[in-house]
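Residue numbers (the working numbering), protein chains in the order written: chain P, 1 to 125; chain R, 126 to 270.
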Amino acid sequence: MNPALVLVTLAAGGVATMLRYLLSRALSRVSRAESFPWAVLLVNALGSALGGVALGLAQSQGMSDELQLIILTGVCGGLTTFSTFSVETIQLMTHARWGVALLNIGSNLVVGFGACLAGFLICVG
Amino acid sequence: MKQRSAPPSPTKAQAPLWALLAALIGGMCGTGLRLAIDTLLPHTAAEFPFSTLIVNVVGAFTLALIVARLWSRAPEWLKAGLGAGLLGSFTTFSAVMVSLVESTTSGLWMMAAVYLVLSLVLGFTAAAIGLRVGKVSTPIDWVDE
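Here you go:
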């Protein structure tokens, strides 16, 4: 793999991570702590939508492998997170907030999959 | 960008510059590690995405462990660098969704179902174990054997 391509992918991942961190800081100010993990839902929805768009463009426009790597592995991978989603869900469960935990799982899956599928279907043509 | 009105507690309200830098560096490292595992365990759209499953389960366990072990005493830059940065970017939600869209639109329903269930069950179990282990483990005493 081209070292410059790897570097650009890592930079894309780093900048997307910074964006996720800033969004979670901003949202933790407006929503009360432990109410609902909005920040992760937001970044996971955005990243999944962009992932679907990239997948669709790869199939319809023949987007290059390099650009796919930068967008999918770098931007989408950095923007979204599975670890925080898992830990926050278990923390809700250990505080016996079962309804919110289930709502968190359901909304991430439905919104994430829906956004990804919509992005894909729009761009695959 | 200019802030119009300064928040009452700038250290709490604004992301400190060091924390942002830590998130950037951690994010690059986490993305690099994920890329390395993707390269070692490549998969086509029709094959089971083992690399993403491994990354997400290992990342969920490690984040849970350090949250339970370090978070009460950790400074903001360390949380940003290790939590949001390294482990947040190491794991990925979008890759799971992209694989699910790829497999369901190709009619690979069984693979999609198994992948989704394994990701959730193993990821949540790893997080639960990590939180438990992080809480019960005591500091290692390096001085007295």
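For glycine and all other residues, C-beta sits at the position ideal for the given N, C-alpha and C. Values in this document were obtained by computation on a predicted structure and should not be read as measured data.
Residues within the stretch 149-160 of chain R neighbouring chain P, beta-carbon criterion of under 9 Å:
L149, I150, G151, G152, M153, C154, G155, T156, G157, R159, L160
Is P/V8 close to chain R, meaning its C-beta is less than 8 Å from at least one C-beta of that chain?
no
Extent of the continuous alpha helix (DSSP H) to which P/W98 belongs:
98-124
Please list the residues of the stretch 208-220 of chain R that have a C-beta atom closer than 8 Å to any C-beta atom in chain P, keeping them in chain order.
G208, A209, G210, L212, G213, S214, F215, T216, T217, F218, S219, A220
Could you tell me the alpha carbon to alpha carbon distance between P/G27 and P/L79, rounded to whole angstroms?
The displayed chain sequence assigns Leu, not Gly, to residue 27 of chain P. Using only the alpha carbons, I get a separation of about 15 Å.
What do you reckon, are the CB atoms on R/L158 and R/F215 nearer than 8 Å?
yes
Can the beta-carbon of R/S156 be found closer than 8 Å to that of P/L10?
Checking the sequence, you will find Thr at residue 156 of chain R rather than Ser. In this structure, P/L10 lies closer than 8 Å to R/T156 by Cβ.
Using a beta-carbon distance below 8 Å, is R/E227 in contact with chain P?
yes
Under 7 Å Cβ to Cβ from P/A127, same chain only, skipping five residues before and after it: list those, please.
Any question about residue 127 of chain P goes unanswered here, given that chain P covers just 1 to 125.
Below 7 Å CB to CB, which residues in the same chain sit around P/G14 once its five sequence neighbours on both sides are set aside?
G78
If you drop the 5 nearest sequence neighbours on each side, which residues of the same chain put their C-beta closer than 7 Å to that of P/V8?
I70
Using the C-alpha atoms, what's the distance from R/A193 back to R/K260?
6 Å
For the stretch 76-90 of chain P, enumerate the residues whose C-beta is nearer than 8 Å to any C-beta of chain R, in chain order.
C76, G77, G78, L79, T80, T81, F82, S83, T84, F85, S86, V87, T89, I90
Taking the Cβ atom as the reference point for each residue, do P/S24 and R/A209 lie within a distance shorter than 8 Å?
yes
Mark P/I122 as exposed unless 16 or more other C-beta atoms lie within 10 angstroms of its C-beta, in which case mark it buried.
exposed
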